[in-house]
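Colleague:
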Amino acid sequence: MSFDRLALEGKIALVTGGTDGIGRATAALMALRGAQLLITGRDPKRLGNALEEISGARGCVSDASVTQDIENLGA
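Counting the sequence shown from 1 gives a position; this note's numbering is that position plus 726.
1. Drop a sphere of 10 angstroms on the beta-carbon of residue 793, count the other beta-carbons inside from all chains shown, and report buried for 16 or more, exposed for fewer.
2. Hey, quick one: how far does the alpha helix (DSSP H) through residue 739 stretch, first residue to last?
3. Between residue 761 and the rest of its own chain, which residues show a CB-CB distance below 6 Å, the 5 nearest in sequence each way excluded?
4. Report the partner residues of residue 767 according to the DSSP bridge assignment.
5. At the level of alpha carbons, what is the spacing between residue 796 and residue 741?
6. Where residue 789 and residue 771 are concerned, what is the direct C-alpha to C-alpha distance, given to the nearest angstrom?
7. Starting from residue 748, follow the alpha helix (DSSP H) in both directions and report where the run begins and ends.
8. Among 780, 746, 754, which residue has its Cα nearest to the Cα of residue 769?
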């Protein structure tokens, strides 16, 4: 597999639960591959830590199980 196929420049990515574990690792890889990245998570402290680690990422506190939180992402 060519790594060029994994390039994400010009793409926008949303990673829900991107503050810890697999979500955080996925977010970091997407950012490394050039995606414009939005990370969400329920815990403000974890979100802040993830945003410090992942250069260029933006984030917001959000719970993917709450309909209103998901609707607010588009606002």
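Built from N, CA and C at the ideal position, the CB exists for glycine as well.
Modeller: To lay it out plainly:
1. Here residue 793 refers to the residue found at position 67 when the sequence shown is read from its first residue. Around the beta carbon of residue 793, fewer than 16 other beta carbons sit within 10 angstroms, so the residue counts as exposed.
2. Walking along the sequence shown from the start, residue 739 turns up at place 13. Premise fails: residue 739 lies in the beta strand (DSSP E), 738–742, not in any alpha helix (DSSP H).
3. Mapped onto the sequence shown, residue 761 falls at position 35. Answer for residue 761: 734, 737, 739, listed in chain order.
4. The sequence position of residue 767 within the sequence shown is 41, counting from 1. DSSP lists 787 as partners of residue 767.
5. If you number the sequence shown from 1, residue 796 lands on position 70. If you number the sequence shown from 1, residue 741 lands on position 15. Spanning the two alpha carbons is a distance of roughly 12 Å.
6. In the sequence shown, residue 789 corresponds to position 63, counting from 1. In the sequence shown, residue 771 corresponds to position 45, counting from 1. Cα to Cα, the separation comes out at about 14 Å.
7. Here residue 748 refers to the residue found at position 22 of the sequence shown. Residue 748 -> alpha helix (DSSP H) spans 747–758.
8. Position 43 of the sequence shown, counted from the first residue, corresponds to residue 769. Residue 769 has its Cα closest to that of 746, out of 780, 746, 754.
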